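S.K.: Note that the protein sequences, when read in sequence, are chains W and B.
Quick note: the first sequence, position 79, residue 80 per the numbering used here, numbers continuous.
Quick note: the second sequence, position 69, residue 126 per the numbering used here, numbers continuous.
Idealized CB from N, CA, C, for every residue including glycine.
As the structure is a computational prediction, the values presented were derived from the model and not from experiment.
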Amino acid sequence: DTEVTQTPKHLVMGMTNKKSLKCEQHMGHRAMYWYKQKAKKPPELMFVYSYEKLSINESVPSRFSPECPNSSLLNLHLHALQPEDSALYLCASSQDGTGGEQYFGPGTRLTVT
Amino acid sequence: AQSVSQHNHHVILSEAASLELGCNYSYGGTVNLFWYVQYPGQHLQLLLKYFSGDPLVKGIKGFEAEFIKSKFSFNLRKPSVQWSDTAEYFCAVIFFNDYKLSFGAGTTVTVRA
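(1) Measuring alpha carbon to alpha carbon, tell me which of Q99/B, E121/B, A170/B and S130/B ends up nearest L91/W.
(2) Skipping 5 residues on each side, what residues in its chain have a beta carbon closer than 6 Å to that of Y34/W?
(3) Of the choices E68/W, G100/W, V113/W and T109/W, whose alpha-carbon is the least far from that of T87/B?
(4) Please report the straight-line C-alpha distance between L158/B and A170/B, rounded to a whole angstrom.
(5) Under 7 Å between beta-carbons, which chain B residues line up against Q103/W? List them in chain order, please.
(6) Does the region 78-89 of chain W touch the region 132-140 of chain B, meaning 3 or more C-beta pairs lie closer than 8 Å?
(7) Kindly list, in the order they appear in chain W, the residues whose Cβ is closer than 8 Å to that of G163/B.
(8) Under the rule that 16 or more other beta-carbon atoms within 10 Å means buried, what is G228/B, buried or exposed?
(9) Since N215/B meets chain W, which of its residues come closer than 7 Å, beta carbon to beta carbon?
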């Protein structure tokens, strides 16, 4: 099973709302990632968790807050977002973050109004 | 600075035509190489990967790619495309100095029936 699942599929939120995106994998992978993808653009790395510890933060604004409760789950907490944050948010996982292939989830389509 | 470049922004083909997409990277150290595909409305899928060994690698759906180390290239090929190959194609590289997955800008492939 090479599946990464993400919920919700779609999310519309106002600029004062607080919401969370969820990601889950059951492949025993120890590295998990959040990416942001705008239409017709490549994914942009936001955060990397390796063995449940945050190892990379690509200077993402603090209105995005990642959390890794355990090795299978990854959350992205959202607060006070801006309309320009509207995008497809992708979760991915890989064996251990040292160069192997990453498996991507279907993404959450976020619209900030 | 390390980077990934894809030669073509948009390629339009007729069914049964051959496809070749170019990808180059700039980095003198060890890399792992990938091609991902994103079909309309679907998530990123791994087409093929190269870590080491035979520089000609075969992937899913009849795709293959050739790694030419001296040219820092990893070009994707398919001898005969189908309408269902219409998608966005991303070349991606993991550079072993930071283990981040870096994407090219992507190539939109449109196959006309």
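M.R.: A quick look at the data gives this:
(1) For the set Q99/B, E121/B, A170/B and S130/B, the Cα lying nearest the Cα of L91/W is the one of Q99/B.
(2) V49 and A93
(3) G100/W
(4) 34 Å
(5) L158
(6) Output reads no: the region 78-89 of chain W does not touch the region 132-140 of chain B.
(7) K41, K42 and P43
(8) Only positions 58 to 170 of chain B appear in this structure, which leaves residue 228/B out of reach.
(9) As shown, chain B starts at 58 and ends at 170. That puts residue 215/B outside it, with no answer to give.
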